[in-house]
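Residue numbers for the sequence shown, in this note's numbering: 174 to 632.
Glycine included, C-beta positions come from ideal geometry on N, C-alpha and C.
Everything numeric in this text was worked out from a predicted model, so none of it was measured.
A quick write-up on the structure given underneath.
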Amino acid sequence: MKLKNKNRKTEKQAIIFRLFLFCCTLFGVQEIINAQNFEKIQFYEALKVLEKVEKTPKSPVIAIIDGAVRKELFSETVFWTNIHEIPNNNIDDDGNGYVDDYEGWNFSNDTNDVINNGLGDWHGTPVFSLVNRLVSSAQKIKLMNLVKGDKIDEVLESLRYVLSMRKKYNETGGKEGAFIVAVNCSWGKNMLWAADFPEWCSIYNELGEQGVLVVSSVPNNNINVDEVGDMPSTCRSEYLLTVTNVNKLDEKVVEAAYGSYSVDIAAPGDRSVTLLNSGEYGVFGGTSAAAPYVSGTIGLLYTVFIEQFQNDIIERPQETALLIKQLILEGSDKSVSLENIITSEGRLNVFKSVKLLLDEYGENEKYEAVFSDLNIQKIYPNPVKNNCKLLIESDRSEEVSISIIDINGLIVETFSDFTIKGIKEVLINLADFQLSRGIYFLQVRNESNLYDTTKMIVK
Ligand SMILES: [Ca+2]
Ligand SMILES: [Ca+2]
Numbered sequence: 174m175k176l177k178n179k180n181r182k183t184e185k186q187a188i189i190f191r192l193f194l195f196c197c198t199l200f201g202v203q204e205i206i207n208a209q210n211f212e213k214i215q216f217y218e219a220l221k222v223l224e225k226v227e228k229t230p231k232s233p234v235i236a237i238i239d240g241a242v243r244k245e246l247f248s249e250t251v252f253w254t255n256i257h258e259i260p261n262n263n264i265d266d267d268g269n270g271y272v273d274d275y276e277g278w279n280f281s282n283d284t285n286d287v288i289n290n291g292l293g294d295w296h297g298t299p300v301f302s303l304v305n306r307l308v309s310s311a312q313k314i315k316l317m318n319l320v321k322g323d324k325i326d327e328v329l330e331s332l333r334y335v336l337s338m339r340k341k342y343n344e345t346g347g348k349e350g351a352f353i354v355a356v357n358c359s360w361g362k363n364m365l366w367a368a369d370f371p372e373w374c375s376i377y378n379e380l381g382e383q384g385v386l387v388v389s390s391v392p393n394n395n396i397n398v399d400e401v402g403d404m405p406s407t408c409r410s411e412y413l414l415t416v417t418n419v420n421k422l423d424e425k426v427v428e429a430a431y432g433s434y435s436v437d438i439a440a441p442g443d444r445s446v447t448l449l450n451s452g453e454y455g456v457f458g459g460t461s462a463a464a465p466y467v468s469g470t471i472g473l474l475y476t477v478f479i480e481q482f483q484n485d486i487i488e489r490p491q492e493t494a495l496l497i498k499q500l501i502l503e504g505s506d507k508s509v510s511l512e513n514i515i516t517s518e519g520r521l522n523v524f525k526s527v528k529l530l531l532d533e534y535g536e537n538e539k540y541e542a543v544f545s546d547l548n549i550q551k552i553y554p555n556p557v558k559n560n561c562k563l564l565i566e567s568d569r570s571e572e573v574s575i576s577i578i579d580i581n582g583l584i585v586e587t588f589s590d591f592t593i594k595g596i597k598e599v600l601i602n603l604a605d606f607q608l609s610r611g612i613y614f615l616q617v618r619n620e621s622n623l624y625d626t627t628k629m630i631v632k
């Protein structure tokens, strides 16, 4: 969405979302679509790695400057709260200029009311939900809910709020302020040029100096922002990550902006499934849905505990923010569709960026087993009568176990002590287990708990 204006176009888009919701609820395709987006960015592989990696005791915060959020739809624990502010005592306890900003701030009406009771604000909840989906497994990450104003002044004020909170955090050694590492901005303003908004652009540099990256979506139009302008994507700040939108084939969505100079990376926002303002899951697309994948990834990277990395975050926040940006751009998967039209020419890959972070700090060997390519290539015959063969592949020599799991997720049998290197064929004799007919799963698991699963039908 571009800078929020409650015009007819906005109303029209809201109606489209509800229609999509109806389609998806009807056909039950939500999980399928979600899985496609997450598989594209190797999200599940990244989670497997992050499960193994030591985590920082700190709580990185992602600020989301957007519409109000239906808070009751989310777990209480995902929300950032200002622990230095006593709620509802009418006093600015932390002295940041905002009275009772315990749950964030609403810059559209200059109040502390950031909660949407379900009416009208169609954009805040789905964007929040998408970021939350990325980071919900990393329970440490907190999401700061800031409600954006319509006017540029209000937008700048919300960015300055983030700036002052992180600055205070840095200046007090983490005792005050907030450990904000990223800001999600699924909005912007078309056809404007950075040259006309030096103050707006300079905020991104000030944020970057404190260690904050800003993720900003580009317009939902097939335009080259280098030629027609856009804010903030034409700002030349190194700390700004501008995101366009690709579909599940990694093709730029037709109605998504590009620019070989001003647009950094793509993410599969197209047909993302998220919690809508209605409180139900439905399709939410556009570049607004693409940016949250990148914001969430920044948050995930900051949760990794490597001593030197965590020291750098505190001692060199600016350089560390640039490193994180670089890892995200370098980790992206190149796509022909993005060649010459965005700077990285790639689509976000969370797994690769996590791996690059571990490489950067020389931790790759420690976690080598986690990067195993263990997978089940084939099961045959399938359906199975008495016995079947399983082709398992691993790119290293490792011990694996094989389990038969029933449709309720219960392990029926486990065989262990197979050593795999390259491709191995394993014979499974089902006659030994007297399985009743039906659907089962065969799962291969290594010592690092990485696994691959395939469906097996017993006839
Ligand atoms: Ca305050
Ligand atoms: Ca207070």
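When the Cα atoms are used, what is the spatial distance from residue 510 to residue 610? Whole-angstrom Cα-Cα distance: 46 Å.
Can you list the residues near ligand 1, meaning Cβ strictly closer than 5 Å to any non-hydrogen atom, in the order they appear in the chain? 258, 265, 267, 269, 271 and 274
Given a threshold of 16 other Cβ atoms within 10 Å of its Cβ, counted over all protein chains shown, does residue 276 qualify as buried or as exposed? buried
Which same chain residues, not among the five before or five after residue 477, have their C-beta less than 8 Å away from its C-beta? 223, 226, 227, 228, 229, 527, 530 and 531
Same chain, Cβ closer than 6 Å to residue 396, neighbours up to 5 away in sequence not counted: 430
Is residue 279 a contact residue of ligand 2, with contact defined as CB to any heavy atom under 7 Å? no
Check residue 373 in the structure and name its three-state DSSP category. The answer is helix: DSSP assigns residue 373 an H, G or I state.
From 266, 557 and 628, residue whose alpha carbon lies closest to that of residue 349: 266
Measuring alpha carbon to alpha carbon, tell me which of 299, 315, 246 and 330 ends up nearest residue 279. 330
Considering only residues of the region 374–460, which uninterrupted beta strand (DSSP E) runs meet the minimum length of 3 residues and lie entirely inside it, listed in chain order? 386–390, 413–418, 438–440, 445–448 and 454–457
Which listed residue (347, 469 and 304) has its alpha carbon closest to that of residue 483: 347
So residue 403 and residue 365 are supposed to be a Cβ contact under 8 Å. How far apart are they, rounded? 7 Å
Exposed unless 16 or more other CB atoms sit within 10 angstroms - verdict on residue 130: In this structure the chain extends from 174 to 632, so residue 130 is not present and cannot be described.
Here's the rule: buried if 16 or more other CB atoms are within 10 angstroms of the residue's CB, otherwise exposed. What is residue 409? The residue in question, residue 409, is exposed, as its Cβ has fewer than 16 Cβ neighbours within 10 Å.
Any Cβ of chain E within less than 8 Å of the Cβ of residue 544? Annotation note: the requested chain E is absent from the structure, which comprises a single protein chain.
If the criterion is Cβ atoms closer than 8 Å, does the pair residue 432 and residue 398 meet it? yes
Nearest-angstrom Cα distance between residue 434 and residue 516? When rounded, the separation of the alpha-carbon atoms in residue 434 and residue 516 is 6 Å.
Specify, as a first and last residue, the run of the beta strand (DSSP E) that residue 588 falls within. 584–602
Would you call the region 438–456 and the region 295–304 in contact, with 3 or more CB pairs under 8 Å? Enough Cβ pairs lie closer than 8 Å, so yes.
Just confirm the distance between the C-beta atoms of residue 470 and residue 307, as a whole number of angstroms; I'd bet it's less than 8 Å. 7 Å
Just list the beta strand (DSSP E) runs in the region 209–274, keeping only unbroken ones of 3 residues or longer that don't cross its boundaries, in chain order. 234–239
Assigned secondary structure, residue 571 (DSSP; H/G/I helix, E/B strand, else coil): strand
Would you mind working out which of 394, 419, 389 and 393 sits nearest residue 405, comparing C-alpha positions? 389
Could you give the DSSP three-state label for residue 326: helix, strand or coil? helix
For ligand 2, I want to know if residue 260 counts as a neighbour, meaning its beta carbon is within less than 7 Å of at least one of the ligand's heavy atoms. yes
Go ahead and pull the three-state DSSP assignment for residue 629. Three-state DSSP puts residue 629 in a strand.
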